[in-house]
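J.:
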Amino acid sequence: MSYLETTKDVYRDAALTPDVGLCCTTNPIWELPGLKIPKIMQEMNYGCGTTVHARDLTNDPRILYVGVGGGMELLQFAYFSRQKSGVVGIDVVDEMLEASRKNFKEAEEMNPWFKSEFVDLKKGDATELPVEDNSIDVAAQNCLFNIFKTEELTKALKEMYRVLKPHGKLVMSDPTCEQEMNDELRNDERLRALCLSGSLSIKDYVKALTDAGFGTIEIRARKPYRILDPKNYPTKELVYIESIEVAAIKDPMPEDGPCIFTGKAAIYYGEDDHFDDKKGHVLLKNQPLAICDKTANALASLGRDDIFISESTFHYDGGGCC
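Count along the sequence shown from 1, then add 2; that gives the number in our numbering.
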């Protein structure tokens, strides 16, 4: 049985019998006026919590979510896109789609503003999305792409890029690991289905996104996720896994390479009231400016003694240099 079939079996079982402990949710559900989440949706929230920001969902966006779970993410997105088929949910597991449809009926009873027609559920594969080109404003997935091996991951990211409108956003949360995993751990199909093996490093994760064509990458958070230990997993040492939250934006690829924000900032503290590098970056005196790694390197290469550049915080929430 392939790892993809193993994954389908895991989530088919989770659709038929909700498994609260299937995933460790690190972000809370949204607390919004008039939004009520059915208990069953919370129990079937098989991701690491919502990683899409409310500011990503302005102007009645059309939203795509791959891997629907119990429908909680879709309901939350529909709060911002109250239109027929404003949210598109894709899943490869029939039982999960049917469970979501049932859960939406309960959500209708609890939320007077919500109609099931706001969400268009479709059976489909992340590597071949049943969605038209350039039709989506915000796409999202949560602890799904991490299970893919290189070939499937490349296809899935290219599909997300294809369906997004220009300047559209792909917002994702996936486990990452800087340690080298042994072959037994990395190739364990069930652990891969649970997002616990095969994790990429942050560097490789970002490269996969830029290789797909995304010109701007925002690393929004980097959080502790799991420990794989020798007593419970096929490893001889502790393996530390982090959860990374990333937004990849379908901006044109700059000639000098992608803009990757890892939470760096520049602070000018010279004698003038500001510093202008004549390339679009103006640093006001003692006012930190969020900068991409490319700009950080360019400023550092000037060799000035009145510009401080911070280390990466791996937390970026907008307002940057580019």
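For each residue, glycine too, the CB sits at the ideal point set by N, CA and C.
Pair every Cβ in the region 71-87 with every Cβ in the region 32-49, then say whether three or more of these pairs are closer than 8 Å.
T.: Contact holds: three or more Cβ-Cβ distances are below 8 Å.
J.: So lysine 252 is in the beta strand (DSSP E); what residue range does that whole segment cover?
T.: Run containing lysine 252: none; DSSP gives neither H nor E here.
J.: Is it a yes or a no for the region 230-238 touching the region 271-280, going by three-plus beta-carbon pairs under 8 Å?
T.: Result no; under three Cβ-Cβ pairs closer than 8 Å.
J.: I need the straight-line Cα distance from glutamate 130 to leucine 76, nearest angstrom please.
T.: Approximately 20 Å between the Cα atoms of the pair.
J.: Below 8 Å, can you find three or more Cβ-Cβ pairs linking the region 255-266 to the region 232-247?
T.: No, the region 255-266 does not touch the region 232-247.
J.: Tell me whether the beta-carbon of tyrosine 270 lies closer than 9 Å to the beta-carbon of aspartate 295.
T.: Not in contact: tyrosine 270 and aspartate 295 (Cβ atoms no closer than 9 Å).
J.: Please state the DSSP three-state secondary structure of arginine 192.
T.: Helix.
J.: Do you know offhand how far alanine 223's Cα is from alanine 250's?
T.: The straight-line gap from Cα to Cα measures roughly 13 Å.
J.: In angstroms with no decimal places, state the Cα-to-Cα distance between asparagine 288 and alanine 268.
T.: Approximately 9 Å between the Cα atoms of the pair.
J.: Looking at the strands, I want to know which residues DSSP matches up with glutamine 289.
T.: None, per the DSSP bridge assignment.
J.: Excluding the 5 residues preceding and the 5 following glycine 265 in the sequence, name in chain order all residues of the same chain whose CB lies nearer than 7 Å to its CB.
T.: For glycine 265, where only same-chain residues beyond five positions count, the Cβ hits under 7 Å are Ile221, Ser314, Thr315, Phe316, His317 and Tyr318.
J.: At the level of alpha carbons, what is the spacing between proline 89 and leucine 66?
T.: The question names proline, but residue 89 in the sequence shown is valine. Spanning the two alpha carbons is a distance of roughly 6 Å.
J.: Grab the span of the beta strand (DSSP E) containing asparagine 144 for me, first residue to last.
T.: Segment 138-144, the beta strand (DSSP E) holding asparagine 144.
J.: Does the region 202-217 come close enough to the region 169-184 that 3 or more CB-CB pairs lie under 8 Å?
T.: At 8 Å Cβ cutoff, the stretches touch.
J.: Suppose only complete runs of 3+ residues qualify. What are the beta strand (DSSP E) ranges in the region 46-73, listed by chain order?
T.: As far as the region 46-73 is concerned, its whole beta strand (DSSP E) runs of at least 3 residues are 65-68.
J.: Can phenylalanine 106 and serine 83 be called in contact, C-beta distance under 9 Å?
T.: Not in contact: phenylalanine 106 and serine 83 (Cβ atoms no closer than 9 Å).
J.: Alanine 223 by DSSP, collapsed to three states: which one?
T.: If DSSP states are grouped into helix, strand and coil, alanine 223 belongs with the strands.
J.: Measure the alpha-carbon distance for proline 226 versus alanine 16 and round it to whole angstroms.
T.: Each residue's alpha carbon lies about 24 Å from the other.
J.: Considering only the alpha carbon of each residue, which of Lys38, Phe216 and Glu7 lies closest to lysine 167?
T.: Checked all of Lys38, Phe216 and Glu7; the closest Cα to lysine 167 is Phe216.
J.: Which residues in the same chain as glutamate 100 place their Cβ atom closer than 8 Å to its Cβ, once the five residues preceding and following it in sequence are excluded?
T.: The residues are Ala17.
J.: Give me whichever residues DSSP pairs with valine 89 in a beta bridge.
T.: In the DSSP output, where bridge partners are listed per residue, valine 89 has Ile65 and Val121.
J.: Measuring alpha carbon to alpha carbon, tell me which residue in Glu111, Leu211, Ile31 and His169 is nearest alanine 56.
T.: Ranking the options by Cα distance to alanine 56, first place goes to Ile31.
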